[in-house]
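I have placed the structure first, in the form of structure tokens, so that the comments after it can refer back to it.
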Amino acid sequence: MYKKCFCVFLITVMFLMSSCSWQTSLKAVNITNDGDNISIEGFTGLFDMFSDSEGNVYVAGREGVHVFDETGSSKYTVSAKLDSCTAIAAGADMIYAWHEKSKKLKILDTDGKIKEELDIPGPCVCRMEYSAGKLYILVKDYKDDITGRLIAYDLKQKATEEIKVGKVRDFSLYKDNKMLVLIEDTDSLNNTVILYDYNINKPGESFDKLGLKFIKNTHLISMFYSNSEDVIYITNHNCVNKQSIKDDYLEPVANFGSINSGIKVIVSGSKVFMLDTVEGKLHMTDNTVAGGKAKETLKLFLSIDNNPQVIKARELFIKKHPDIDVKINYDNSLYLDSIKKMLASGNMDYDIVHMNRDEYVYFTKENLLGDLSQYSIIKERFKEMHTGIQEICTYNKELLGVPFVVAPMGWRVNEALLKKLDIEIPQRAWTWEDFYDIAKKVRTNALKKNMPDVYIMHISTVSPPFLEQYKALLYNNALSGRMVSGNKLVNMLKIWKSIVKEELIYNKDLQNHAKDNYAFSSGAMVPSKKDLYINPPLLDESNALPVNAMQLGIYNGSKNKDIAAEFLSIFSSKEVQISSGYGCPVYMDNSLDLMSKSNLDIYKYMLSNGVQWWDHSEFDNECNTILNDFFKGYSTAEQAAADIHDSFNTIVMGSK
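This is how it looks when you write it as structure tokens:
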């Protein structure tokens, strides 16, 4: 669920403020500026900002309006009790401020003296821009604070005209008498950006048809067009990107980590100011124009946008190599399809790509990634990483990537529930036969204690967790020419069918069913000092455990392999991996800071016995069909196991 933007929050607090009386004096305040974040003493809410022609940045908040210069240095606060100012703009030597409490548009001169007050149809004005005698205003309702109406207010005629383009999320004045309008799409995951010609009051074509590719399947929140750079700053729920008008690359600017629905951006001089209206914080970063002096370009194509590790690595790389531009593009919906299309058309010109579970089989079979073991600057990094990570990143004796995210398939333990049921926590060497025995004991003890809704775990009938282990073994062994015994799968299917028949797992909808009713929860392991994790039951004597090791690798067709290796060396360095705090620890140094001793021991154990976790949509769908028939009694365990092996050989190994 998205956080409510500031206008809903305002309604509960604004009317507690003192009445608005204007003064022209300026007030000095204490400012904290650490180079990245700016704090204004006494300002507990910040809602909007703009920069004037001289580079001054005006920040409007609950307590008034404060002014900074283009470096982020404090200048003054307009102490006219301009409280509850939720939107601010400037033009024609005037400042326009929406006063939420009085529902008035205040027009001031640059000294802060009020010149005029106007009524604007509200109820909540949250963005304004000035152009040629008109104010373009985004008005939102308290009942629907995500989208609103866009209106044009003629300051001379005192006339209001609605710009009918749909439900507007945000807008920004563009060039050639046009504005960019972000409209909510019928698909809740996507928004549409259109061009609107405000001189002729006519919508233009969709902006993506003009050649710009915004992040696919990302819910855009706001935008800002920087005329000096000819770029568009776009924000989604936790990050800011810079979209070039000249090409389709996105330059990462900042990542806020957690989901946020109220980030606004402006540019002033050499700084990018980012206003977090939800948290009421002002952030600042250097506005480096990448590639201004670049002689070479390194291109990355990723499926995860604005990862903090990538942003940090890019920053360090550019500092070390100012003559090399680093361009990044994303596709977080159809990444593998995009790769295949580029390869088929001969347009694959990226140097570094991202390999996740979905891409693993295709990338390895097609030999798309170069061997990194030839680069000592990369191999050295693995020496201080946890044992097993290098092996997981290795395929057919070639080191194909550096870790992006490392996440073993761990099980979270409900310690309190097991204690109530008088059941001990399993040891590392437990098997699926042990799982079956514990599942029976959980149900028996739960019923004795009048706890009928308690089960060993919640999981789909046709998605037994041992199948991921078996898949990993199949592909891993196929690389070396070894076979996996079908008898093992036959036995596992028989055990699982008994588990399902005896109703030892909960396989129905989770709605209205307490999450604490399960002894174990399956999923990728996350760093924790509080929750206890154990490894899944072992499948056979190999102790193989699936690990999702997302990796960055070098495309074999790259013409920039050496500089790509340099980037990957920086990306996999301690400075980047440890400072980002993203995912499970790769290096041993900071592991205890993120995980309890027991969790760290299990984490190490799973890594040292790890095999790459992979998905293949066609094969996975076929497995679901085979298992569904098996559980309905249409086939035997022997037939189901044989069908799974045949499908693996045909779909995974036999086709590309």
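Just so we're aligned: the sequence shown equals residues 511 to 1166 in our numbering. A virtual CB, placed ideally from N, CA and C, is assigned to each residue, including glycine.
Cβ-based burial, residue i [other Cβ within 10 Å; buried from 16]
i: Tyr-663; result: buried
i: Tyr-1043; result: buried
i: Lys-625; result: exposed
i: Thr-462; result: One cannot answer for residue 462 here, as it falls past the ends of the chain, which runs 511 to 1166.
i: Leu-844; result: exposed
i: Ala-1074; result: buried
i: Thr-1135; result: exposed
i: Met-784; result: buried
i: Asn-1070; result: buried
i: Met-794; result: buried
i: Gln-1087; result: buried
i: Lys-1107; result: exposed
i: Tyr-860; result: buried
i: Gln-667; result: exposed
i: Gln-979; result: buried
From the options, residue whose alpha carbon lies closest to that of residue i
i: Asn-986; options: Asp-603, Leu-1055 and Asn-751; result: Leu-1055
i: Glu-492; options: Asn-1066, Leu-692, Phe-827 and Arg-922; result: Any answer about residue 492 is impossible in this case: the structure gives the chain only from 511 up to 1166.
i: Asp-833; options: Ala-939, Thr-807 and Gly-790; result: Thr-807
i: Gly-1120; options: Met-1035, Gly-1063 and Gln-753; result: Met-1035
i: Leu-665; options: Tyr-606, Gln-753 and His-864; result: Tyr-606
i: Val-788; options: Met-919, Met-961 and Ile-731; result: Ile-731
i: Asn-955; options: Val-972, Trp-942 and Glu-934; result: Glu-934
i: Trp-1124; options: Phe-557, Val-782, Val-871 and Asn-1131; result: Val-871
i: Leu-810; options: Asp-740, Tyr-759, His-1126 and Gly-1143; result: Tyr-759
i: Arg-679; options: Leu-645, Arg-637, Asp-707 and Thr-670; result: Arg-637
i: Asn-797; options: Asn-817, Lys-851, Asp-847 and Val-741; result: Val-741
i: Lys-611; options: Ser-641, Gly-571 and Glu-580; result: Gly-571
i: Ile-598; options: Lys-623, Glu-580, Glu-564 and Phe-560; result: Phe-560
CB contact flag (residue i, residue j, <8 Å)
i: Pro-1037; j: Leu-1117; result: no
i: Cys-1094; j: Val-916; result: yes
i: Thr-587; j: Phe-557; result: no
i: Phe-1140; j: Ser-1157; result: no
i: Met-1002; j: Trp-942; result: yes
i: Val-836; j: Ile-828; result: yes
i: Ile-1064; j: Ile-862; result: yes
i: Val-477; j: His-896; result: The first residue shown for the chain is 511 and the last is 1166, placing residue 477 beyond what the model contains.
Distance, residue j Cα to residue i Cα
i: Leu-722; j: Tyr-1016; result: With a pLDDT of only 48 at Leu-722, under the threshold of 50, the placement of this residue in the model should not be trusted; the figure read from the coordinates follows. Each residue's Cα considered, the two are about 47 Å apart.
i: Phe-976; j: Ile-849; result: 30 Å
i: Lys-958; j: Ser-1031; result: 23 Å
i: Leu-690; j: Glu-761; result: 19 Å
i: Thr-620; j: Met-604; result: 6 Å
i: Asp-841; j: Glu-627; result: 47 Å
i: Ala-1151; j: Asp-1050; result: 16 Å
i: Thr-874; j: Lys-685; result: 46 Å
i: Asn-711; j: Leu-705; result: 11 Å
i: Ala-600; j: Glu-694; result: 27 Å
i: Lys-752; j: Glu-925; result: 47 Å
i: Pro-1047; j: Val-675; result: 57 Å
i: Ile-899; j: Pro-962; result: 42 Å
i: Val-575; j: Lys-822; result: 33 Å
i: Val-912; j: Met-1163; result: 25 Å
i: Ile-541; j: Ile-969; result: Caution applies to Ile-541, whose pLDDT of 47 falls short of 50 and renders its modelled position unreliable; the value that the coordinates give is listed next. Between Ile-541 and Ile-969, the C-alpha separation is close to 53 Å.
i: Ala-800; j: Ser-813; result: With a pLDDT of 45 at Ala-800, under the threshold of 50, the modelled position of this residue cannot be trusted; read the value that follows with caution. When rounded, the distance between both Cα atoms is 22 Å.
i: Met-524; j: Lys-614; result: In this predicted model, Met-524 has a pLDDT of only 28, less than 50, meaning its place in the structure is not dependable enough to derive any value.
i: Val-972; j: Asn-1131; result: 11 Å
i: Thr-745; j: Met-733; result: 6 Å
i: Val-777; j: Ile-755; result: 16 Å
First and last residue of the uninterrupted beta strand (DSSP E) at residue i
i: Gly-676; result: 669 to 683
i: Gly-601; result: 595 to 601
i: Leu-999; result: Looking at the DSSP string, Leu-999 is not in any beta strand (DSSP E); the run it does join, the alpha helix (DSSP H), is 996 to 1011.
i: Trp-942; result: First-last for Trp-942: 942 to 958, but that is the alpha helix (DSSP H), not the beta strand (DSSP E).
i: Val-775; result: 773 to 778
i: Lys-616; result: 614 to 619
i: Met-468; result: Outside the shown range of the chain (511 to 1166) lies residue 468, about which nothing can therefore be said.
i: Cys-636; result: 634 to 641
i: Lys-809; result: 806 to 812
i: His-1032; result: Note that residue 1032 is Ser in the sequence shown, not His. Per DSSP, Ser-1032 belongs to the beta strand (DSSP E) from 1030 to 1034.
i: Thr-745; result: 741 to 745
i: Val-871; result: First-last for Val-871: 867 to 875, but that is the alpha helix (DSSP H), not the beta strand (DSSP E).
Residue i - containing alpha helix (DSSP H), residue span
i: Met-1116; result: 1107 to 1118
i: Asn-751; result: Premise fails: Asn-751 lies in the beta strand (DSSP E), 749 to 754, not in any alpha helix (DSSP H).
i: Thr-1146; result: Counting along the chain, Thr-1146 falls outside any alpha helix (DSSP H), and DSSP gives it neither H nor E.
i: Arg-824; result: 818 to 830
i: Thr-1135; result: 1127 to 1141
Heavy atom of the ligand FMN within 7 Å of residue i beta-carbon
i: Phe-734; result: Looking at this structure, you won't find the ligand FMN or any other ligand, since it has none at all.
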